[in-house]
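K.L.:
Using the numbering used here, the first residue of the sequence shown is number 34, and each one after it goes up by one. All residues carry an ideal CB built from backbone N, CA and C; glycine is no exception. One structure coming up, written as structure tokens, with questions to follow.
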Amino acid sequence: MKKKLINKLKQYGYDFQIPQDNVIKIKLSMSQTVTITFHNDNKISIEDKFEKWNYIGGNLNFNLKKLLKYYIILILLFVIFINFIRFLKFIPNSSSYNYIFQSDYIYFELLLILFSVWLGYIYYFIRFEIFKSTLIRWIDENDNK
34 MKKKLINKLK
44 QYGYDFQIPQ
54 DNVIKIKLSM
64 SQTVTITFHN
74 DNKISIEDKF
84 EKWNYIGGNL
94 NFNLKKLLKY
104 YIILILLFVI
114 FINFIRFLKF
124 IPNSSSYNYI
134 FQSDYIYFEL
144 LLILFSVWLG
154 YIYYFIRFEI
164 FKSTLIRWID
174 ENDNK
């Protein structure tokens with residue numbers, strides 16, 4: 034099963050490595066790596082991981098699920114911080130210039146950053162799930178032959 038999967042990966046030109054006998058690491062474009070682990074009881078685990086310095090993870094070395102949790106926590110902390118600053122009146126709301134460009138504009142920037150991060154996350158998630166289903170189909174084809 035593993036040899037036939039390796040032949041399929043070679044046939045379609047994927048960049049992969051075999052660091053151990055039961056592990057295949059496939060490097061997708063844009064710093065995403067998929068790791069396939071073959072266990073002794075005919076179970077296969079397929080996991081994703083980002084390398085450092087990528088669009089969605091920056092300098093963090095996470096998988097998609099951990100990145101989603103990280104960004105939710107980061108956004109919540111940012112909203113709490115902005116509301117704390119507004120509560121302490123570090124951002125004056127006296128003139129319309131300060132109100133538009135310093136307090137509400139920060140929420141617009143947060144919304145814009147959140148939207149771009151979600152687009153990136155959705156892109157990586159869909160790409161990983163499509164590749165995962167392709168790998169499962171290849172493995173099932175090899176088992177049926």
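Cα separation between L152 and T66?
P.N.:
For the purposes of this step, residue 152 is identified with residue 119 of the sequence shown, where counting begins at 1. For the purposes of this step, residue 66 is identified with residue 33 of the sequence shown, where counting begins at 1. Rounded to whole angstroms, L152 to T66 spans 19 Å at the Cα level.
K.L.:
Give the straight-line distance between the Cα atoms of Y47 and M34, rounded to the nearest whole angstrom.
P.N.:
Here residue 47 is taken as the residue at index 14 of the sequence shown, counted from 1. Here residue 34 is taken as the residue at index 1 of the sequence shown, counted from 1. Cα to Cα, the separation comes out at about 17 Å.
K.L.:
What three-state label does DSSP hand G46 in the structure shown?
P.N.:
For this step, residue 46 is matched to residue 13 along the sequence shown. Three-state DSSP puts G46 in coil, outside helix and strand.
K.L.:
Please name the residue in F71, I113, F83, D54 whose C-alpha comes closest to that of F161.
P.N.:
The count along the sequence shown starts at 1 and reaches residue 161 at position 128. Considering only alpha carbons, the answer is F83.
K.L.:
Since L143 and F111 should fall inside the 8 Å C-beta cutoff, what is the C-beta to C-beta distance between them, to a whole number of angstroms?
P.N.:
Locating residue 143 in the sequence shown gives position 110, where the first residue counts as 1. Locating residue 111 in the sequence shown gives position 78, where the first residue counts as 1. The pair is a contact, with the Cβ atoms about 6 Å apart (cut-off 8 Å).
K.L.:
If you count every other CB in all the chains shown that lies within 10 Å of the CB of L100, and 16 or more means buried, which is it?
P.N.:
Residue mapping note: residue 100 aligns to position 67 of the sequence shown, counting from 1. Looking at its Cβ environment, which holds 16 or more other Cβ atoms inside 10 Å, L100 is buried.
K.L.:
Would P52 and K58 qualify as a contact pair, given that the criterion is a beta-carbon distance under 8 Å?
P.N.:
Here residue 52 corresponds to residue number 19 of the sequence shown, with the count starting at 1. Here residue 58 corresponds to residue number 25 of the sequence shown, with the count starting at 1. Result yes, Cβ atoms of P52 and K58 sit closer than 8 Å.
K.L.:
Mapping DSSP to helix, strand and coil, what is D81?
P.N.:
Mapped onto the sequence shown, residue 81 falls at position 48. Reduced to three states, the DSSP call for D81 is strand.
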